[in-house]
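Here the structure comes first, spelled out in structure tokens, and everything after it is commentary.
Numbering (our numbering), first residue to last: 206 to 632.
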């Protein structure tokens with residue numbers, strides 16, 4: 206028996222979660238009150254970019270329906286309210302769209318169906334709303350930009366917030382979750398809401414520690430790529446630890462959780478100094494590529510250097526530029542003009558006037574004295590150093606994420622700057 210699973214809110218979270226349900230054999234209704242948006246999606250114009258999203262919808266189109274008619278929600282056994290929650294530059298959440306869609310759901314989803322809040326909300330949000338319905342739940346979303354469909358299809362576990370976690374989940378809800386063959390962790394609403402924040406706080410701690418140690422490597426002659434394997438072999442840290450140096454945290458979700466922790470710390474007089482330190486560390490590390498360019502490149506090339514940039518998205522495999530380290534780097538040099546390529550992000554979406562867009566990454570290299578690879582897209586990993594060297598005028602490469610083969614780059618005379626390695630080391 207196939208359950209009908211509804212998703213309200215056709216942004217990144219709703220669309221990718223729907224793809225996960227489709228891939229596990231459920232019938233899916235994708236609902237949004239925006240009729241024009243639903244029609245564009247029905248025609249294949251997806252508002253987000255994620256690997257395997259369009260392909261999953263196409264492969265399971267016989268079990269997929271799109272609608273902006275509220276009466277269609279009555280056919281669902283389980284309805285997820287799943288819009289993205291927008292954040293401001295300080296990590297504050299705007300819940301207005303979620304509240305609007307919840308009102309639709311609470312009005313039009315039958316009381317016999319299961320209603321689940323999937324969007325991230327602050328602790329204490331769900332319980333007051335759940336008192337008026339029999340089957341009201343909160344489920345923690347753990348999607349990751351760039352691998353969202355994979356995460357939706359193969360979750361590590363389900364964390365389900367309940368009014369009373371000692372009570373069994375409704376049959377249709379339990380049956381749907383069981384399709385994914387992963388642990389199901391029922392807990393009280395407040396625990397589930399805080400669990401999402403806790404996961405991200407531990408992730409940020411790894412990111413901050415890694416970035417701090419990598420920066421020490423850059424200034425002492427140590428090589429972080431040699432140290433990381435030793436940490437992975439320590440059972441207390443592990444194989445899946447986040448040990449890749451980066452340019453701070455970005456994307457909005459982690460920033461939101463840190464801001465929430467600071468707010469709760471202030472409310473409850475809890476010492477959240479470690480969280481404030483992680484926020485400061487992220488801001489510092491986000492400027493690492495800009496410091497490389499300012500301190501290690503411009504003194505050799507001068508202020509009129511021609512600079513190519515590969516990557517604008519805050520990470521690979523996403524269209525999002527929310528708090529993008531790439532844009533932060535370029536914004537630090539408003540008087541420079543940058544020759545830019547990104548596989549997905551359009552120049553017009555950045556709001557920056559000093560960017561010249563190119564459809565081909567190698568076209569962006571014409572006459573360049575320096576290349577900055579600021580998003581580690583696979584298309585850049587596939588670029589060979591010899592071809593890069595043949596297109597550029599200069600030899601400086603700022604490659605924070607170690608996209609290029611270092612030995613091959615050295616053979617071509619390229620001078621790499623990589624996070625976690627001594628500056629300008631030619632290894």
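Virtual Cβ for every residue (Gly too), placed ideally from N, Cα, C. Every value quoted in this text rests on a predicted model; they were computed, and no experiment measured them.
Is the beta carbon of residue i less than 8 Å from the beta carbon of residue j?
{"i": "residue 274", "j": "residue 220", "result": "no"}
{"i": "residue 284", "j": "residue 320", "result": "yes"}
{"i": "residue 520", "j": "residue 457", "result": "no"}
{"i": "residue 351", "j": "residue 398", "result": "no"}
{"i": "residue 548", "j": "residue 584", "result": "yes"}
{"i": "residue 230", "j": "residue 207", "result": "yes"}
{"i": "residue 296", "j": "residue 471", "result": "no"}
{"i": "residue 516", "j": "residue 570", "result": "no"}
{"i": "residue 324", "j": "residue 354", "result": "no"}
{"i": "residue 270", "j": "residue 243", "result": "no"}
{"i": "residue 318", "j": "residue 282", "result": "yes"}
{"i": "residue 314", "j": "residue 268", "result": "no"}
{"i": "residue 494", "j": "residue 438", "result": "no"}
{"i": "residue 581", "j": "residue 608", "result": "yes"}
Are there 16 or more other CB atoms within 10 angstroms of the CB of residue i, so buried, or fewer, so exposed?
{"i": "residue 421", "result": "exposed"}
{"i": "residue 239", "result": "exposed"}
{"i": "residue 465", "result": "buried"}
{"i": "residue 631", "result": "Summary for residue 631: the model assigns pLDDT 46, below 50, so the residue's position carries little reliability, and this model does not support an answer."}
{"i": "residue 346", "result": "buried"}
{"i": "residue 479", "result": "exposed"}
{"i": "residue 561", "result": "exposed"}
{"i": "residue 423", "result": "buried"}
{"i": "residue 597", "result": "buried"}
{"i": "residue 369", "result": "exposed"}
{"i": "residue 574", "result": "buried"}
{"i": "residue 213", "result": "buried"}
{"i": "residue 260", "result": "exposed"}
With DSSP collapsed to three states, give me the class of residue i.
{"i": "residue 468", "result": "helix"}
{"i": "residue 459", "result": "helix"}
{"i": "residue 632", "result": "Only weak support is given to the placement of residue 632: the predicted model assigns it a pLDDT of 42, under 50, and the value that follows is read from those uncertain coordinates. Residue 632: coil per DSSP, three-state reduction."}
{"i": "residue 274", "result": "coil"}
{"i": "residue 258", "result": "helix"}
{"i": "residue 236", "result": "strand"}
{"i": "residue 331", "result": "helix"}
{"i": "residue 535", "result": "helix"}
{"i": "residue 385", "result": "coil"}
{"i": "residue 442", "result": "coil"}
{"i": "residue 247", "result": "helix"}
{"i": "residue 623", "result": "coil"}
{"i": "residue 211", "result": "strand"}
{"i": "residue 350", "result": "coil"}
Bridge partners for residue i per DSSP, in chain order?
{"i": "residue 514", "result": "545, 577"}
{"i": "residue 454", "result": "Paired residues: none, contrary to the question."}
Taking 7 Å as the cut-off, does the CB of residue i come closer than this to any heavy atom belonging to the ligand COA?
{"i": "residue 596", "result": "Questions concerning the ligand COA fall outside what the structure shown contains, since it holds no ligand whatsoever."}
In chain order, what are the residue ranges of uninterrupted beta strand (DSSP E) at least 3 long that sit wholly in the region 387 to 425? 389 to 393
Taking only runs of the beta strand (DSSP E) that begin and end inside the region 292 to 338, which ones reach a length of at least 3 residues, in chain order? 319 to 322
Go through the region 567 to 617 residue by residue and report every complete run of the beta strand (DSSP E) that reaches 3 residues or more, in order. 575 to 578, 601 to 603
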